[in-house]
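Numbering (the working numbering), first residue to last: 26 to 101. Ideal placement from N, C-alpha and C gives every residue a C-beta, glycine not left out. Working notes, beginning with the structure itself.
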Ligand SMILES: [Zn+2]
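In structure tokens form, the structure reads like this:
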């Protein structure tokens, strides 16, 4: 199963790349096909998405907190 192991590594790389920039058609297809037949990568992909969403939510929260704290909490 060398091929499959290699693929998993490639797929994981694609998954993290996808968070920074949209993948090309070929990479997207490869990713979807692999996730369709590989349970480990499917789980991995879900984790990536959760992390990504959590990261965005965290940024939103931080920004919102800064905005509400800003006027009320003058530095001096
Ligand atoms: Zn895989």
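* Work out the CA separation of residue 85 and residue 48 for me, nearest whole Å. => 25 Å
* **Residues of its chain near residue 32, where Cβ-Cβ distance is below 7 Å and the 5 sequence neighbours each way are ignored** => 59
* To do: Using 6 Å as the cut-off, classify the Cβ of residue 46 as near or not near the heavy atoms of ligand 1, replying yes or no.
  => no
* To do: Would you verify that the beta carbon of residue 73 is, or is not, closer than 7 Å to some beta carbon of chain D?
  => Looking for chain D here will not work: only one protein chain is present.
* Asked: When we look at the beta-carbon of residue 42 and count the other beta-carbons within 10 Å, is it buried (16 or more) or exposed?
  -> exposed
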